[in-house]
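As they're listed, the protein sequences go chains Z and H. For the first sequence, full-length UniProt numbering assigns the number 206 to the last residue and increments by one with no breaks. For the second sequence, full-length UniProt numbering assigns the number 309 to the last residue and increments by one with no breaks. What follows is one structure encoded as structure tokens, with my remarks underneath.
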Amino acid sequence: MIALIRRLLVLFVRIVVGARSEWRGCTPDPTRRIYFANHNSHVDTVAVMAALPYQVRRLTHPVAARDYWGTNAFLRFIAEKGLRAVLIDRKPLPDSNPLAPVERLLEEGRSVLIFPEGTRNSSDEIAPFRSGIYRLACRFPDVDLVPIHLDNLQRILPKGSMLIVPITCTARFGKPLRVEAGEEKGAFLARARAAVIELADGGPVA
Amino acid sequence: MTSFFSIVLAAILGLLAVASAIGFVLQRRATEPGSVATVHNLNARIRSWWIMVGVFGGAILLGDTATVILFAFLSFMALREFWTLTPSRRGDHLALFLSFFVVLPLHYVLLGTAWYGLFSIFIPVYAFLILPAVATLTGDVNEFLARSARVQWGLMLTVYSISHAPALLMLQTGTPSALLLVYLVVVVQLSDVFQYVWGKLLGKHRFSPNISPSKTLEGLFGGGASAILLGTLLYRLTPFSPLQAAAVSTVIVVAGFFGGFVLSAIKRDLNAKDWGYVIEGHGGVLDRLDSITFSAPLFFHIVRYWFTT
């Protein structure tokens, strides 16, 4: 039953926003990876999930904010059951590690999808990345981090609107990167952000 | 449907079968990387033609309602391709939503119910006034005139113009009006195919490298003349005499050229090679229907003015 709902959700998203994928820097592969993407709209998470082939999607868990996706039973159902999302606190209690559930999934060999801008961004610019992705990269130095650029999503469902315009979205997957030995936090975050921006205009073909 | 229609249908299927056979032989023969790519693209196009003929032919056989629904869906896909490439701002969001989910369906309902008076003015008068009015509500004046023009052109090309092909079903001409639609589509599409074939075989002189790099003078004239000849031979699908059919198919072919050029010019302006990706070998729906956007309204008006009873 849940599996059927998942399939229908993916089908629905593919019809509404297209959710095409373009693999530019790597190929779809069910190995453990950290996917990271720019964040413009509530549709982002479902768009990336719908763009992933089934074999990859079933092992990939999007990281979602508890303060939005946990607000009611419906959203919670879509997030946790429909998308296999892991909900985290954006404003954690002091001395707690909000990324603990994400690290646990990676330890189990699963892939995760994160949005390092932290919040949906309403301008055309990609906001500076928050540090969570750096901590994951240091904790799992042998895992590939795959940049994803999503286009058009802001035009499909902009912040503050409930109306979906059925423009086609493409998810471009770039060349994987890892944290380099001795790389500072700021330098790594800038490099990761640049990798997403580079994909915006089509990006380099590997 | 007349028995002549069955002959046309059999001829189209026969043509496709021959094309598939040629494609199969060429695939065996092609060895150089360049010709392998061309043959691969040719075979993708032929496969897509089978599907397009199946879908269009199926809708025609199912009747008028199915045909109108098919074209409404094609307009939807074309409008979507238009807006995927065309830039829009936050202030256009409501106008775009209304284009897709209010204007497009209402226009096709007017078509389906044969309310010609409102059908002909709903988009070019009312949608043209209302959508910019809605856009003012957001207070975004940035590039307002250009943005309004894009919203209007999107609807004009992908909904209003294309809908004039199924609008032929409203007309009483003494011949089954579905055959007029078949006539239009066959002449326009074969004109494109003939241009492609003539261009590949004899094409030397580029016609307009800026707009359409693959179009050649040889392709345009050879393809156009072949399509006009075919349009003349098919006069029995229509209320036209052979001479009238020659004149009407000339109008269809010339308008089709310009439809292709205008849509290509917009595409280049937007830095895109194809409008979309849904039809293998052809690009998007709009890449296949570009000639129809200009030829359908002209053909519709010619038939309505001179040939309705």
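Even glycine gets a Cβ: it sits at the ideal position worked out from N, Cα and C.
In the three-state scheme derived from DSSP, where H, G and I count as helix and E and B as strand, Z/Val-112 is classed as strand. Residue range 64-85 is occupied by the alpha helix (DSSP H) that includes H/Thr-65. Distances from the alpha-carbon of Z/Arg-84 to those of Z/Gly-132, Z/Gly-118, Z/Ala-200, Z/Met-49 put Z/Met-49 closest. Z/Thr-170 sits in a strand when the DSSP states are folded into three classes. Within a 10 Å sphere around the beta-carbon of H/Ser-163 sit 16 or more other beta-carbons, which makes this residue buried. Among the bridge pairs identified by DSSP, Z/Ile-126 is matched with none. H/Ala-135 and H/Phe-76 have their C-alpha atoms spaced approximately 21 Å apart.
Z/Leu-145 and Z/Leu-106 have their C-alpha atoms some 12 Å from each other. The Cβ atoms of Z/Phe-129 and Z/Ala-51 lie no closer than 8 Å to each other. The C-beta of H/Val-141 has fewer than 16 other C-beta atoms within 10 Å across all chains shown, which makes the residue exposed. Under DSSP, the beta-bridge partners assigned to Z/Ser-21 are Z/Ala-171. Looking at H/Thr-308, H/Val-151, H/Ile-292, the one whose alpha-carbon comes closest to that of H/Arg-80 is H/Val-151.
By the beta-carbon neighbour count (other beta carbons within 10 angstroms, threshold 16), H/His-282 is buried.
In the pairwise beta carbon analysis, the region 157-176 of chain Z is classified as touching the region 83-91 of chain H: at least three pairs are separated by under 8 Å. Annotation for H/Arg-206: the continuous beta strand (DSSP E) segment containing it runs 206-208.
Distance from the CA atom of H/Leu-145 to the CA atom of Z/Ile-197, rounded to whole angstroms, is 30 Å.
Secondary structure note for H/Phe-240: it is in no beta strand (DSSP E), with a DSSP letter that is neither H nor E. Runs of the alpha helix (DSSP H) lying entirely within the region 125-211 of chain H, each at least 4 residues long, are 128-136, 144-155, 177-202 in chain order.
For the C-beta of Z/Leu-163, the chain H residues within less than 8 Å are, from N- to C-terminus, His-93, Leu-94, Phe-97. The beta carbon of H/Leu-42 sits closer than 8 Å to those of Gly-23, Leu-26, Gly-281, all from its chain and outside the five residues before and after it, given in chain order. Per DSSP, the unbroken alpha helix (DSSP H) holding H/Leu-111 starts and ends at 104-112. With its beta carbon at least 8 Å from every one in chain H, Z/Pro-53 lies outside the interface. In this model, H/Phe-299 and H/Thr-175 are separated by some 15 Å (Cα to Cα).
Non-local beta-carbon contacts of Z/Ala-47 in its own chain, meaning distances under 7 Å to residues more than five positions away in sequence, involve Val-13, Val-17, Ala-19, Leu-150, Leu-153, Cys-169, Ala-171 in chain order. Sequence-ordered contacts of the UniProt domain "Phospholipid/glycerol acyltransferase" (33-153) of chain Z with chain H read Asn-152 [C-beta pairs closer than 7 Å]. Annotation for Z/Ala-64: the continuous beta strand (DSSP E) segment containing it runs 60-65.
The beta carbon of Z/Ile-197 sits no closer than 8 Å to any beta carbon of chain H. Closer than 8 Å to the CB of Z/Arg-155 there is at least one CB belonging to chain H.
Per the DSSP secondary-structure output, Z/Arg-33 pairs in a beta bridge with Z/Asp-144. Under the 8 Å Cβ criterion, the region 114-121 of chain H does not count as touching the region 172-188 of chain H, having fewer than three qualifying pairs.
Under the 8 Å criterion on CB atoms, Z/Thr-168 is classed as interfacial with respect to chain H. Residue environment for H/His-301: exposed (fewer than 16 other C-beta atoms within 10 angstroms of its C-beta).
Beta-bridge analysis with DSSP links Z/Ile-88 to Z/Ala-65.
Interface criterion met: the Cβ of H/Trp-83 is under 8 Å from a Cβ in chain Z. Taking the CA atoms as reference points, H/Glu-32 sits about 10 Å from H/Thr-38. Here H/Gln-189 is buried: its Cβ has 16 or more other Cβ atoms, across all protein chains shown, within 10 Å.
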